[in-house]
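> Before we start, here is the structure in question, set down as structure tokens.
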Amino acid sequence: MEISDSVDVTELGHGQQQLQQHPQQQEGPGLMEGTPVKMDFSTHACSVLSDLREGGLLCDAVIKVESCTFPIHRNIMSACSPYFRALFTNTSFETNQREVTVTGVTPQIMMLIIDYAYTRSTKVTVDNVEQLLPAADQFHVIGLVKACCDFLQRELTPANCIGIRRFAQTFFCHGLERAAMRFLLQNFQTVHTTSNEFLQLDIEEVT
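For the sequence shown, the residue numbers in UniProt numbering are 1 to 207.
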């Protein structure tokens, strides 16, 4: 399941500058203020930055996970993740220090986090979501946490809604938790006959 987001950048066009230089050519109210011109260059910018990373160009740090190393740009990771922003701006972090060791995540999941930082897109699947959401939460990548929650909400079934609700509670994903609870109550008859986790429920969880 492909998920992505982009950022629109608003700039004032050259035409506004001309209007300000030649006010006698303006007609009608409000033209003196200029008109914003939207320029969406996020896709191109992300592509260039990702190419630089893949080529190891202009990289100023390396993230190490187990035996794998990932050259990165500190600014890009800091813009995406408060975790890395705090790490790279901490006064105890040496300016000439390049390698950062990260634990609690696999190299495959770290690669998805880095890809998201550079492209604002990644693939959330049934095979990776249970690892990807905790990693996104660990690094405070809010957009990716939301994408994982949205994916799990779409995947709710009578057989998994209890497990997904508990998973959501673990990571304080309140929207997903409420959605799973609504699904459970709306499909109660089916859930209690198909879910292996139903008998483990406390009475407080369904009242």
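Beta carbons are placed, not taken as given, at the ideal position from N, Cα and C, and that holds for glycine.
Here the structure is a predicted model, which is why all the values come from computation and not from measurement.
Which first and last residues belong to the alpha helix (DSSP H) in which V191 is found?
Residues 188 to 194.
> Quick one: what's F70 bridged to in DSSP?
Answer by DSSP bridge pairing, in chain order: I63.
> Just confirm the distance between the C-beta atoms of F172 and I114, as a whole number of angstroms; I'd bet it's less than 8 Å.
Actually they are not in contact, since the Cβ atoms of F172 and I114 sit about 24 Å apart, beyond 8 Å.
> Between V126 and E155, which are expected to be in contact by the criterion C-beta below 8 Å, what is the C-beta distance as a whole number of angstroms?
Between E155 and V126 the Cβ distance is about 7 Å, and since that is below 8 Å, they are a contact.
> Between the Cα of F139 and the Cα atoms of C59, G175, V102, which residue gives the shortest distance?
Residue V102 is the option with its Cα nearest to F139.
> Skipping 5 residues on each side, what residues in its chain have a beta carbon closer than 8 Å to that of N90?
Contacts found: none.
> Would you tell me roughly how many angstroms separate the C-alpha atoms of T157 and F188, rounded to the nearest one?
C-alpha separation (whole angstroms): 11 Å.
> Determine the DSSP secondary structure at S81, reduced to helix, strand or coil.
Looking at S81 - three-state DSSP - the assignment turns out to be coil, as it is neither helix nor strand.
> In the DSSP assignment, what are the bridge partners of T101?
According to DSSP, which records beta bridges pairwise, T101 is partnered with K64.
> Distance cutoff 8 Å, beta carbons only. Does E66 sit that close to anything in chain D?
Included in the structure is just one protein chain, with no chain D present.
> Tell me whether T119 sits in a helix, a strand or coil according to DSSP, three-state version.
Note: T119 maps to helix in three-state DSSP.
> Spatial neighbours of F88 within its chain, please: C-beta separation below 8 Å, excluding the five flanking residues on both sides.
Cβ within range, chain order: A61, R74, M77, S78.
> Among C68, S67, M181, which one has its Cα closest to the Cα of Q153?
It is M181.
> Would you mind stating whether C59 and R53 have Cβ atoms separated by less than 8 Å?
Cβ distance < 8 Å, so C59 and R53 count as in contact.
> Is it buried or exposed, E177, if we count other Cβ atoms within 10 angstroms and call 16 or more buried?
With 16 or more other Cβ atoms within 10 Å, it is buried.
> So, at 6 Å on beta carbons, what are the nonlocal neighbours of F84 in its own chain, with the 5 sequence-adjacent residues on each side left out?
Correct list, in chain order: M77, S78.
> From the DSSP output, in three-state form, read off E155 for me.
Coil.
> Please determine, among G175, R165, C80, the residue with the shortest C-alpha to C-alpha distance to T119.
It is C80 whose Cα lies nearest to the Cα of T119.
> With 16 other CB atoms within 10 Å as the buried threshold, where does C149 fall?
It is buried - the Cβ of C149 has at least 16 other Cβ atoms within 10 Å.
> When you compare only the Cα positions, how much space is there between T106 and K123?
Answer to the nearest angstrom: the Cα atoms are 16 Å apart.
> Contact check, N128 vs I109 under 8 Å by CB: the rounded distance?
So it is a contact: roughly 7 Å between Cβ atoms.
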